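Protein chains in written order, with the numbering used here: chain A, 228 to 359; chain B, 410 to 566. Here a beta-carbon is modelled for each residue, glycine too, at the ideal position from N, C-alpha and C. All values reported here derive from a predicted model rather than from experimental measurement.
Spelled out as structure tokens, the structure:
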């Protein structure tokens, strides 16, 4: 089964790096959707099937914290796993976001291996399966 | 900016350049010539420390950084990534890591998204002469960085 992933980051560079890493990860990826802020992400989530959200925190218009708050209050969207991929270094904030349903946190700069591991762990596929 | 801050900037930038862009940093020699255009990126932050971080570099370095980060040459991809965007993200990552190094992992900072613009020769020269900028060499290109900040004033009880 292929999975659909939404990447939310205002940096096109980061979105491109994450997409490339995911495509090369061996995980069976379906659609990779992009949003440059939380508002765009919510619109995308309401119109597409998404299995995993990878979001930055520091973004214009609607930041990642606001996006997570909105998703946590929506009966459907709150079931979608969220992982933070951000330069955020505050453990206080990370713990706060985990209490709102965030499943994982990856700090920038990240390695392709750490992103791959995060996705495999969150989606519950084994590394062997991901390499098939 | 004091010497401790300058050393911290140098260390954080060196680490981030290596991990984000696969580039190695050392001291910049002003004898080396570089060509315009030049790009200046800036972002502000607030929290236990409030201030801004500024980074300036030739556009050629932004392009090289973009190629390194994406692992492909500019001509080889249809992904629309602007060189300015790569510098903004580099500054964003630098700033987040600098603040953690400065204040630890407990405090919460609000970081504003970075922005970048081309600057003219006069603005570039002004940055070059500014003693508040740390000057480093990344793959034979100069990078000028400054972080200005003030510690949060607690209200007296």
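Give me the Cα-Cα distance between residue 294(A) and residue 264(A), rounded to the nearest whole angstrom. One C-alpha to the other measures close to 8 Å.
Residues that DSSP places opposite residue 235(A) in a beta bridge: DSSP lists 262(A) and 282(A) as partners of residue 235(A).
Nearest CA to the CA of residue 466(B): which residue from 459(B), 519(B) and 442(B)? Closest option to residue 466(B), Cα to Cα, is 442(B).
Report the residue ranges of all alpha helix (DSSP H) runs contained in full by the segment 275-346 of chain A; include only those spanning at least 4 residues, in chain order. Taken in chain order, the unbroken stretches of alpha helix (DSSP H) that lie wholly in the segment 275-346 of chain A and span 4 residues or more are 291-299 and 318-325.
Would you decide whether residue 426(B) is buried or exposed? Buried here means 16 or more other CB atoms lie within 10 Å of its CB. With 16 or more other Cβ atoms within 10 Å, it is buried.
Quick one: does residue 467(B) have its CB under 9 Å from some CB of chain A? No, its Cβ sits nowhere closer than 9 Å to a Cβ of chain A.
Determine the direct distance from the alpha carbon of residue 307(A) to that of residue 298(A), and round the result to whole angstroms. One C-alpha to the other measures close to 9 Å.
Contact criterion: CB-CB distance below 9 Å. Does residue 522(B) meet it with respect to chain A? So yes, residue 522(B) belongs to the interface.
Close beta carbons around residue 314(A), own chain, < 6 Å, minus the five adjacent residues each side: Taken in chain order, the residues that qualify are 335.
Count the other CB atoms within 10 Å of the CB of residue 555(B); is the residue buried (16 or more) or exposed (fewer)? Buried, because 16 or more other Cβ atoms sit within 10 Å of the Cβ of residue 555(B).
So, residue 453(B) versus residue 462(B), is the Cβ gap smaller than 9 Å? Against a cut-off of 9 Å, the Cβ pair of residue 462(B) and residue 453(B) comes out as a contact.
Which residue or residues does DSSP assign as beta-bridge partners of residue 462(B)? Bridge partners of residue 462(B): 452(B) and 556(B).
Can you give me the Cβ contacts of residue 276(A) inside the same chain, cut-off strictly under 7 Å, excluding the 5 residues immediately before and after it? Excluding positions up to five away in sequence, the list reads 231.
Between residue 523(B) and the rest of its own chain, which residues show a CB-CB distance below 7 Å, the 5 nearest in sequence each way excluded? Cβ-Cβ distances below 7 Å link residue 523(B) to 450, 451, 452, 497, 500 and 501 in the same chain, with the five nearest sequence neighbours on each side left out; the list follows chain order.
If you check the beta carbons only, do residue 268(A) and residue 248(A) fall under 9 Å apart? When the beta-carbon positions are compared, residue 268(A) and residue 248(A) stay at least 9 Å from each other.
Would you grab the beta carbon distance between residue 373(A) and residue 288(A) for me? Rounded to a whole angstrom, and I think it's under 8 Å. Past the edges of chain A, shown from 228 to 359, lies residue 373(A), and the structure says nothing about it.
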